[in-house]
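Everything on this sheet refers to the single structure shown next.
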Amino acid sequence: MKLRSALPLLAVFAVFAAGCSGNGGSDGARMVMGESEVVHEGHSAQTYALLDASGKVTEAGITVPYEAIETPPGEGHDHQTRDVGPAGSFISIQWPEQVQDQTFFDHFEMHWNPMGHPPEAW
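Under my numbering, the residues of the sequence shown are numbered 15 to 136, in order.
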């Protein structure tokens, strides 16, 4: 009786295991890591790209540590964060070379403006 109740679970496992090819199901696909920048207490943000077998970019992304969002940089006198990168960004990192060559992406920036945008001059 116990074997009979375990059969559905074994069937699901067999289907799952058969569907796993060990390479994510994409023949010849590979991941390329881009620039990395420490943004919060040793945690790093990093860009990446997935390339198909011919080297074509199929996905571009970035990982940002939750800590960077949960505890962003402090606020400056102008209601914006103290900048460390271009235009006041607190994260500014380059995309992998393949992404820059094949897309319009050059770099990634993250800004933090905790008080919203200041009012325009009247």
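A virtual CB, placed ideally from N, CA and C, is assigned to each residue, including glycine.
Item to complete: Starting from A13, follow the alpha helix (DSSP H) in both directions and report where the run begins and ends.
Response: Only positions 15 to 136 of the chain appear in this structure, which leaves residue 13 out of reach.
Worksheet entry | Per DSSP, cross-strand counterpart(s) of F122 | Here residue 122 is taken as the residue at index 108 of the sequence shown, counted from 1. BP columns for F122 point to I107.
Discussion item. Let me confirm a value: A59 is counted as buried when at least 16 other C-beta atoms fall within 10 Å, else exposed. Which label applies?
Written reply: Taking the sequence shown and counting its residues from 1, the one referred to as residue 59 is at position 45. Buried.
Practice prompt. Could you round the C-beta distance between Q112 and L65 to whole angstroms and report it? I think they count as a contact, below 8 Å.
Written response: Here the question's residue 112 lines up with position 98 in the sequence shown. Here the question's residue 65 lines up with position 51 in the sequence shown. That belief holds up - the Cβ atoms of Q112 and L65 are roughly 6 Å apart, short of 8 Å.
Worksheet item: Based on the DSSP secondary-structure assignment, which residues constitute the bridge partners of A74?
Response: As a first step, residue 74 is located in the sequence shown; it is residue number 60 there, counting from the start. Bridge partners of A74: A63.
Worksheet item: Should I107 go down as buried or exposed, given a rule of 16 or more other Cβ atoms within 10 Å for buried?
Response: The sequence position of residue 107 within the sequence shown is 93, counting from 1. Result: buried.
Worksheet item: Given E51, which residues of its chain have a CB within under 7 Å of its CB, disregarding the five upstream and five downstream residues?
Response: Stepping through the sequence shown from its first residue, residue 51 is reached at position 37. Result list for E51: S58, A59, I105 and I107, in chain order.
Discussion item. I need the straight-line Cα distance from H125 to S103, nearest angstrom please.
Written reply: Position 111 of the sequence shown, counted from the start, is the residue given in the question as residue 125. Position 89 of the sequence shown, counted from the start, is the residue given in the question as residue 103. Cα to Cα, the separation comes out at about 4 Å.
Fill in: Under 8 Å between C-beta atoms of V53 and A63
The residue you call residue 53 lines up with position 39 of the sequence shown. The residue you call residue 63 lines up with position 49 of the sequence shown. No, these two residues do not count as a Cβ contact at 8 Å.
Worksheet item: Is the distance from the Cβ of S67 to the Cβ of D41 below 8 Å?
Response: Numbered from 1 along the sequence shown, position 53 holds the residue referred to as residue 67. Numbered from 1 along the sequence shown, position 27 holds the residue referred to as residue 41. Looking at the sequence itself, residue 67 is Ala, so the reference to Ser does not match. Yes, they are a contact pair.
Worksheet item: Taking Cβ to Cβ, would you say I76 is nearer than 8 Å to F122?
Response: The count along the sequence shown starts at 1 and reaches residue 76 at position 62. The count along the sequence shown starts at 1 and reaches residue 122 at position 108. Cβ distance < 8 Å, so I76 and F122 count as in contact.
Worksheet item: CB-CB under 8 Å to G36, same chain, minus the five flanking residues each way: which ones, in chain order?
Response: Residue numbering aside, residue 36 sits at position 22 when the sequence shown is read from its first letter. Annotation note: pLDDT 47 at G36 (below 50); position unreliable, no value reported.
Fill in: DSSP beta-bridge partners of V46
The residue you call residue 46 lines up with position 32 of the sequence shown. Answer is A63.
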